[in-house]
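One structure is given here, and the rest of the page talks about it.
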Amino acid sequence: MSKKYTNFETQAVRTQTDKTQFLEHSTPMYLTSGFVFEDSEEMRAAFAEEKDRNLYSRFSNPNTTEFVDKICALEGAEDGYAFATGMAAVFSTFAALLDAGDHIVSARSVFGSTHTLFTKYFPKWNIETSYFKIDEIDTVESLIQPNTKIIYAESPTNPGVDVLDLELLGKIAKKHNLLLIIDNCFATPYLQNPIKFGADLVIHSATKLIDGQGRVLGGVTVGKKELVREIYLFSRNTGPALSPFNAWTLSKSLETLAVRVDKHCENALKLAEFLEAHPKINWVKYPFLKSHPQYNVAKKQMKLGGNIVAFEVKGGVKGGKNFFDNIKMCSLSANLGDTRTIVTHPASTTHSKLAKEDKLVVGITDGMVRCSVGLEHIEDVIHDIEQALERL
Numbered sequence: 004m005s006k007k008y009t010n011f012e013t014q015a016v017r018t019q020t021d022k023t024q025f026l027e028h029s030t031p032m033y034l035t036s037g038f039v040f041e042d043s044e045e046m047r048a049a050f051a052e053e054k055d056r057n058l059y060s061r062f063s064n065p066n067t068t069e070f071v072d073k074i075c076a077l078e079g080a081e082d083g084y085a086f087a088t089g090m091a092a093v094f095s096t097f098a099a100l101l102d103a104g105d106h107i108v109s110a111r112s113v114f115g116s117t118h119t120l121f122t123k124y125f126p127k128w129n130i131e132t133s134y135f136k137i138d139e140i141d142t143v144e145s146l147i148q149p150n151t152k153i154i155y156a157e158s159p160t161n162p163g164v165d166v167l168d169l170e171l172l173g174k175i176a177k178k179h180n181l182l183l184i185i186d187n188c189f190a191t192p193y194l195q196n197p198i199k200f201g202a203d204l205v206i207h208s209a210t211k212l213i214d215g216q217g218r219v220l221g222g223v224t225v226g227k228k229e230l231v232r233e234i235y236l237f238s239r240n241t242g243p244a245l246s247p248f249n250a251w252t253l254s255k256s257l258e259t260l261a262v263r264v265d266k267h268c269e270n271a272l273k274l275a276e277f278l279e280a281h282p283k284i285n286w287v288k289y290p291f292l293k294s295h296p297q298y299n300v301a302k303k304q305m306k307l308g309g310n311i312v313a314f315e316v317k318g319g320v321k322g323g324k325n326f327f328d329n330i331k332m333c334s335l336s337a338n339l340g341d342t343r344t345i346v347t348h349p350a351s352t353t354h355s356k357l358a359k360e361d362k363l364v365v366g367i368t369d370g371m372v373r374c375s376v377g378l379e380h381i382e383d384v385i386h387d388i389e390q391a392l393e394r395l
């Protein structure tokens, strides 16, 4: 693997696998399921882990290794493992580190599928979860039990774009000898590095801004080497590995992450400022708006505010439905982090399985809209949203 560099952009571009005999400039795709050995002794040594080399692409592959090495360099992590999806990363990370009878303390505002893991599947293995509200982070310590093993949070949260004080969570985790795991998907390694604030592991759905163009699925967990070792062993045997093609795509995407996210954030802030002044909007949440409840925390731990803007249109369910039906350019989709601006109605899509009271606790109202601001000219994005609002 090529040498490490100090600056983010250079690391993202220049972290590559070693060149082959063909001296290629861009890393080739290694579309192979397996790898061959020179003789029986080399094969024995490789499987005994006395020799570090690729064995089988479910375990490792040059493309997935390059992708993971880049994320590790950008996040300041010791090691990592790449997965087929973001949810594969979330599930495998917990499954590898938890035992029956363990306990999780989690922020209540988490992705809908993560919530389903905590409430439907983990209890089957006698793993329970206690939730704390975003605005009641001071209650975290009161939720810790003798069998608590992990503190978990997203920041910014999905879909409410709330921000948690990662430094405070890191201090609590260290005080009680717990693992702190942070989903850093909305911020990306470019805007925020949770390990600097005390996180032991960081998870990404690479499907989002890391890919950035809505092409491939992927996930990755990075952090402390001894923890990643357990995640690797679990994943090696259960098979949620990232494909070499997707790894190659994601590694190339990282080369442009900084310039893309800079523009995403510039556009998102302009849209948030426009919406905040619009008479048909009840409220707007964006981390770098001064009106955001955790604005000061966001400024402390994030470089910029990200590309997600949450807002509530007037008129409740009917208003939300009319708004979406009147959108012309922006995409109606459940994905985010694309070059194309996407609007989503969490109450009826990504978080539809949550009970109404659970939605309200995490800020999901009937008229709430999650907007993933893309790379179009911002005037065109604002024009489309403005004309949809005028028809309410």
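Numbered per my numbering, the sequence shown spans residues 4 to 395. A virtual CB, placed ideally from N, CA and C, is assigned to each residue, including glycine. Keep in mind it's a predicted model, so treat the numbers as computed, not measured.
Remark: C-beta atoms of L395 and N325 approach each other more closely than 8 Å.
Residue burial annotation: R232 is exposed, with fewer than 16 other C-beta atoms found within 10 angstroms of its C-beta. In the structure shown, L260 falls within a helical segment according to DSSP collapsed to helix, strand and coil. The C-alpha of K321 is placed about 13 Å away from the C-alpha of A391. Taking the Cα positions, L278 is about 34 Å away from A202. For the 8 Å CB-CB criterion, I175 and V225 do not form a contact. Note: Y155 is bridge-paired with S109 and I184 in the DSSP secondary-structure output. Using a Cβ distance threshold of 8 Å, D55 and T18 do not count as a contacting pair. The C-alpha of C75 is placed about 14 Å away from the C-alpha of T20.
If you draw a straight line from the Cα of S334 to the Cα of R343, it comes to about 7 Å. Note on geometry: alpha-carbon atoms of R373 and G323 lie some 11 Å from one another. When rounded, the separation of the alpha-carbon atoms in S29 and P162 is 36 Å. Look at R394 here: in three-state DSSP terms it is coil, with no helix or strand label. In this structure, the CA atom of D214 is about 8 Å from the CA atom of D341. In its chain, beyond the 5 residues on either side, L101 and D105 have a beta carbon closer than 6 Å to the beta carbon of I130. Only buried fits D186, as 16 or more other CB atoms lie within 10 angstroms of its CB. Cβ atoms of Y33 and N10 stay farther apart than 8 Å, at about 28 Å.
For the pair L172 and I147, the CB atoms are not nearer than the 8 Å cut-off. Here H295 really is in contact with Y289; their C-beta atoms are around 6 Å apart, less than 8 Å. Secondary structure at A51: coil, using DSSP grouped into helix, strand and coil. Shown here for Y193: same chain residues with a beta carbon closer than 6 Å to its own, the five before and five after excluded, namely L260, A261 and V264 in chain order. Following the DSSP letters along the chain, one finds E131 inside the beta strand (DSSP E) bounded by residues E131 to F135. Annotated three-state conformation of C374 is strand, per DSSP. Non-local C-beta neighbours of K211 in its own chain, meaning closer than 7 Å and more than five positions away in sequence, comprise C188, L339 and G340, ordered along the chain. Remark: C-beta atoms of F121 and I107 approach each other more closely than 8 Å. Under the DSSP assignment, V364 falls in the alpha helix (DSSP H) whose first and last residues are K359 to V364.
Assignment of alpha helix (DSSP H) within the stretch 11-60, counting only whole runs of 4 or more residues, yields 11-17 and 43-50 in chain order. Counting only residues of its own chain and dropping the five nearest sequence neighbours on each side, S208 has a CB closer than 6 Å to the CB of G89, C188 and G222.
The stretch 90-99 and the stretch 229-246 touch, with three or more beta-carbon pairs separated by less than 8 Å. Excluding five sequence positions before and after W286, the CB atoms of its chain that fall closer than 7 Å to its own CB belong to F314 and E315, given in chain order.
Rounded to the nearest whole angstrom, the C-alpha separation of R218 and N249 is 9 Å. In the DSSP assignment, Y84 forms a beta bridge with T224. Comparing alpha-carbon positions, the option among Y84, T67 and S254 lying closest to E229 turns out to be Y84. The shortest CA-to-CA distance from L378 to any of G309, T241, A358 and E27 is the one to G309.
Taking 8 Å as the cut-off, the beta carbon of T347 is found closer than this to the beta carbon of S336. Under the three-state reduction of DSSP output, F114 falls in the coil class, being neither helix nor strand.
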